[in-house]
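Q:
Number of protein chains: 2
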Amino acid sequence: MRIDGLQYANWSEKIFRQMREGGVDAVHVTIAYHETFRETVLNFERWNRWFEQYPDLIMKGLTSADIDHARDTGRTAIFFGFQNPSPIEDDIGLVEILHTLGARFMQLTYNNQSLLATGCYEEYDAGLTRMGREVVAEMNRVGLVVDMSHSGDRSTIEAAEHSTRPIAITHANPHDWHPALRNKRAQVIRAVTERGGMLGFSLYPHHLKDGSDCTLESFCEMIARMAGDFGAEHLGIGSDLCQDQPDSVVEWMRSGRWTKGVDYGEGSAAAPGFPLMPAWFCDNRDFGRLETGLRATGLSDDDVAGIMGGNWYRFFAENFGPEVRPGT
Amino acid sequence: MRIDGLQYANWSEKIFRQMREGGVDAVHVTIAYHETFRETVLNFERWNRWFEQYPDLIMKGLTSADIDHARDTGRTAIFFGFQNPSPIEDDIGLVEILHTLGARFMQLTYNNQSLLATGCYEEYDAGLTRMGREVVAEMNRVGLVVDMSHSGDRSTIEAAEHSTRPIAITHANPHDWHPALRNKRAQVIRAVTERGGMLGFSLYPHHLKDGSDCTLESFCEMIARMAGDFGAEHLGIGSDLCQDQPDSVVEWMRSGRWTKGVDYGEGSAAAPGFPLMPAWFCDNRDFGRLETGLRATGLSDDDVAGIMGGNWYRFFAENFGPEVRPGT
């Protein structure tokens with residue numbers, strides 16, 4: 275089983291076919307960076323059209339059972355998520371509405387301060403806000419997973435502690451392997467994984483040691499080390515694949531409508547666009563390479579199977595439905 | 275089994291308890307008259323709160339199986355509908371979005387011309403519009419029932435003909451019993467029922483012979499006659515109960531934001547508010563009286579059971595899911 279914990283591609287029949295070629299059973303796809311509620315609904319609508327148009331390649335994913343169904347019918351199950359809480363605006367009631375529409379992950383922040391928490395690019399991280407605590411409780415209730423990939427350390431640790439259900443960092447790597455602002459320190463990973471949460475490893479070059487030149491061996495050895503440190507069962511892939519996107523999209527991701535200037539995010543004035551993917555991971559057909567690389571590290575077959583998809587499957591099964599409260 | 279094909283009450287715990295006292299297993303409730311998409315979502319949100327607050331009395335209804343579940347657990351299943359297509363604005367993609375959120379009925383018009391068809395208060399009824407035909411096909415595809423309660427004759431007949439699935443007039447009475455603008459002529463009822471559609475009889479006084487003074491006998495004899503003319507299996511109740519609503523709500527229903535003046539609708543300057551309900555049907559506890567009245571007409575037990583709820587149940591079972599196309 276192969277599950278990718280995050281992609282944001284410029285979707286097309288070509289990519290849907292590559293998912294099938296790569297044996298990808300399920301993908302969590304981003305449908306909002308800075309979108310309002312209404313704009314996010316338009317993105318759900320766009321996916322509804324693709325589900326109508328390509329019923330033999332993809333299907334909407336709401337529960338882990340949909341992954342089984344996708345596998346049985348040779349398709350990829352698409353699960354939705356937001357990289358920012360902008361879709362709920364200032365209305366906690368939209369948490370359940372968006373979950374009903376199919377949202378299964380929501381980051382409490384992108385890079386900036388949000389109404390809920392602090393992003394990893396802010397100078398000072400004040401942790402969960404008043405509304406943040408309320409929204410995490412509501413997300414817990416309905417089964418919308420808290421994702422802290424782009425949040426600050428304190429916010430992430432507080433979210434893990436405050437949440438009554440496991441949370442996720444869907445796409446990031448360890449800071450001590452490559453000290454990018456977006457990569458996570460051990461105490462942050464610990465706070466998430468020791469409560470049953472998941473870390474998905476990113477293939478986005480800015481998150482990789484040596485960037486686009488990162489080797490498959492280095493990436494897989496890092497994962498094997500993390501399995502030893504935090505337990506292989508809490509690890510997965512969150513490739514952050516942004517295939518076929520024009521550079522205007524990375525500008526939108528970084529600058530949204532919050533600045534009239536340009537924010538280069540992890541890029542720079544000299545390299546403002548999307549970075550080149552490493553040669554060994556260019557699209558969904560390369561998941562087999564990743565699996566081979568993980569096996570080569572000496573990780574057990576079970577651990578590799580878990581990291582390639584089994585762990586996300588279990589996490590999806592346990593966290594996408596309404597909370598079961600003790601005694602009810 | 276008791277199912278009401280339309281209510282628009284000022285919802286409260288009191289009314290939810292009265293539903294239980296009246297043995298009402300399911301109700302189609304209106305959540306939009308003139309609301310935009312976002313405003314309609316706020317109304318879904320309000321219902322989500324009530325479902326959280328009164329889990330022992332009510333539950334969300336999406337399929338006929340939810341009625342079985344409601345009966346098994348002593349609750350009333352709430353199904354959602356719109357009396358106007360305003361929630362989809364000018365965006366056909368919102369049909370599926372709103373169906374996903376739980377909408378199961380949508381009128382193509384309230385009293386005025388809409389983007390889709392003509393309301394029964396317009397002077398000239400030009401029938402289904404270009405967008406109307408597209409939206410009916412999309413409603414058919416996803417399982418959102420076309421309701422023509424407030425539409426003109428030509429629009430209603432064209433909707434019945436154009437729709438590949440049965441449509442409904444959830445709340446109206448025959449025009450030859452009481453010639454209100456909102457009541458339906460035989461050829462309109464014929465066009466709907468001969469294609470498997472449903473007519474729900476209204477208890478709203480402006481739709482009743484002798485208004486608030488209408489007798490239970492007169493109402494039930496009218497239904498018995500209609501059963502003879504059109505087949506009892508196509509008939510149900512759509513009480514149009516607007517319990518506990520202030521008169522400001524009937525003003526909103528009639529005038530929305532489409533006029534700066536006052537539209538009295540079925541009322542008048544002398545009687546602008548909600549009319550008094552007939553003494554024998556004031557709230558949900560009175561469904562038993564209706565059943566007794568229907569039995570007294572000599573209708574068979576099966577026919578009475580169908581009209582009180584069995585027919586809506588079958589209609590819900592057949593029309594709330596995706597369309598099954600021949601050969602697929």
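Chains as they are written, first to last, in our numbering: chain A, 275 to 602; chain B, 275 to 602. Glycine is no exception: its CB is placed at the ideal position from the N, C-alpha and C atoms.
Going straight from the alpha carbon of Leu477(A) to that of Gly335(A), what length do you get?
A: C-alpha separation (whole angstroms): 23 angstroms.
Q: Pick out whichever of Gly426(B), Arg569(B), Met551(B) and Gly471(B) has its Cα sitting closest to the Cα of Val419(B).
A: Closest by alpha carbon: Gly471(B).
Q: Can you give me the C-alpha to C-alpha distance between Val222(B) and Ser286(B), rounded to a whole angstrom?
A: One cannot answer for residue 222(B) here, as it falls past the ends of chain B, which runs 275 to 602.
Q: Is it the case that the Cβ atoms of Asp278(A) and Ile511(A) are separated by a distance below 8 angstroms?
A: Against a cut-off of 8 angstroms, the Cβ pair of Ile511(A) and Asp278(A) comes out as a contact.
Q: Can you find a CB in chain B that lies within less than 8 angstroms of the CB of Arg312(A)?
A: Yes - at least one Cβ of chain B is within 8 angstroms of the one on Arg312(A).
Q: Decide if Asn284(B) is buried, meaning its Cβ has at least 16 other Cβ atoms within 10 Å, or exposed.
A: Burial call: exposed.
Q: Locate the alpha helix (DSSP H) running through Ile497(B), then write down its first and last residues.
A: Here the alpha helix (DSSP H) through Ile497(B) covers Leu490 to Phe504.
Q: Verify the CB distance criterion: does Glu238(A) have a CB-CB separation below 8 angstroms to chain B?
A: This structure leaves residue 238(A) out entirely; chain A is present only between 275 and 602.
Q: Note down, in chain order, every chain A residue with its Cβ under 8 angstroms from the Cβ of Leu375(B).
A: By Cβ distance, chain A contributes Ile371, Thr374 and Leu375.
Q: Below 8 angstroms on the Cβ atoms is my contact criterion, and I expect Pro359(A) with Asn593(A) to pass it. Report the Cβ-Cβ distance as a whole number of Å.
A: Not really, about 18 angstroms apart at Cβ, beyond 8 angstroms.
Q: Can you list, in chain order, the residues of the segment 300 to 334 of chain B whose Cβ is nearer than 9 angstroms to any Cβ on chain A?
A: Taking 9 angstroms as the Cβ-Cβ cut-off against chain A, the residues of the segment 300 to 334 of chain B that qualify are Phe311, Arg312, Val315, Leu316, Phe318, Glu319, Arg320, Asn322, Arg323 and Glu326.
Q: Using 8 angstroms as the limit for Cβ to Cβ distance, is Gly406(B) near chain A?
A: So no, Gly406(B) is outside the interface.
Q: Given this structure, state the Cα-to-Cα distance separating Ala579(A) from Ile305(B), to the nearest angstrom.
A: Spanning the two alpha carbons is a distance of roughly 48 angstroms.
Q: In angstroms, rounded to a whole number, what distance separates the CA positions of Met293(B) and Asp346(B)?
A: Straight-line Cα distance between these residues: approximately 15 angstroms.
Q: In the segment 361 to 404 of chain A, which residue ranges form an unbroken alpha helix (DSSP H) of at least 4 residues, counting only runs that do not cross its ends?
A: Runs of the alpha helix (DSSP H) inside the segment 361 to 404 of chain A: 367 to 375.
Q: Could you name the residues of the segment 337 to 368 of chain A whose beta carbon sits closer than 8 angstroms to any beta carbon of chain B, in the order they occur along the chain?
A: Taking 8 angstroms as the Cβ-Cβ cut-off against chain B, the residues of the segment 337 to 368 of chain A that qualify are Asp365, Gly367 and Leu368.
Q: Please say whether Glu597(B) and Thr612(B) have beta carbons closer to each other than 8 angstroms?
A: Because chain B in this structure spans residues 275 to 602, residue 612(B) falls outside the shown range and cannot be described.
Q: Going along the chain, which unbroken runs of the beta strand (DSSP E) with 3 or more residues stay wholly within the segment 408 to 475 of chain A?
A: You should have 419 to 421 and 472 to 475.
Q: Output the boundary residues of the beta strand (DSSP E) element that contains Gly279(B).
A: Start and end: Ile277 to Gln281.
Q: Quick check on Leu568(B): does DSSP put it in helix, strand or coil?
A: Helix, per DSSP.
Q: Which word fits Ser388(B), buried or exposed, when buried means at least 16 other C-beta atoms lie within 10 angstroms of its C-beta?
A: Classification of Ser388(B): buried, given that the 10 Å Cβ count is 16 or more.
Q: Out of Asp421(A), Ile371(A) and Leu573(A), which has the shortest C-alpha to C-alpha gap to Thr392(A)?
A: The residue with the shortest Cα to Cα distance from Thr392(A) is Asp421(A).
Q: Would you report the Cα separation of Gly432(A) and Ala377(A), rounded to the nearest angstrom?
A: First, the amino acid is wrong: residue 432(A) is Glu here, not Gly. Whole-angstrom Cα-Cα distance: 22 angstroms.
Q: In the DSSP assignment, find the unbroken beta strand (DSSP E) run with His302(B) in it and report its ends.
A: Segment Ala300 to Ala306, the beta strand (DSSP E) holding His302(B).
Q: Report the partner residues of Glu334(B) according to the DSSP bridge assignment.
A: Here the sequence assigns Lys to residue 334(B), which means Glu is not the residue at that position. According to DSSP, Lys334(B) bridges with Ile352(B).
Q: Let me confirm a value: Asp557(A) is counted as buried when at least 16 other C-beta atoms fall within 10 Å, else exposed. Which label applies?
A: So Asp557(A) ends up on the buried side.
Q: Terminal residues of the continuous alpha helix (DSSP H) containing Leu316(B)?
A: It spans Phe311 to Gln327 - the alpha helix (DSSP H) in which Leu316(B) sits, taken as one unbroken run.
Q: In the structure shown, what three-state DSSP assignment does Gly510(B) receive?
A: Gly510(B): strand per DSSP, three-state reduction.
Q: Please state whether the Cβ-Cβ distance between Leu375(B) and Leu375(A) is less than 8 angstroms.
A: For Leu375(B) and Leu375(A), yes; Cβs fall inside 8 angstroms.
Q: Spell out a yes or no on whether the segment 536 to 546 of chain A and the segment 491 to 510 of chain A are touching, meaning 3 or more CB-CB pairs, one atom from each, closer than 8 angstroms.
A: Because the criterion of three Cβ pairs below 8 angstroms is not met, the segment 536 to 546 of chain A and the segment 491 to 510 of chain A do not touch.
Q: Please report the Cβ distance between Ser429(A) and Leu382(A), rounded to the nearest whole angstrom; I am assuming they are in contact, meaning their Cβ atoms lie under 8 angstroms.
A: Confirmed, Cβ separation roughly 7 angstroms.
Q: On the premise that His302(A) lies in contact with Gly348(A), defined as a C-beta separation below 8 angstroms, what is that separation, rounded to the nearest angstrom?
A: Actually they are not in contact, since the Cβ atoms of Gly348(A) and His302(A) sit about 20 angstroms apart, beyond 8 angstroms.
Q: At least one CB of chain E closer than 8 angstroms to the CB of Thr310(B): is that the case?
A: Looking for chain E here will not work: the only protein chains present are A and B.
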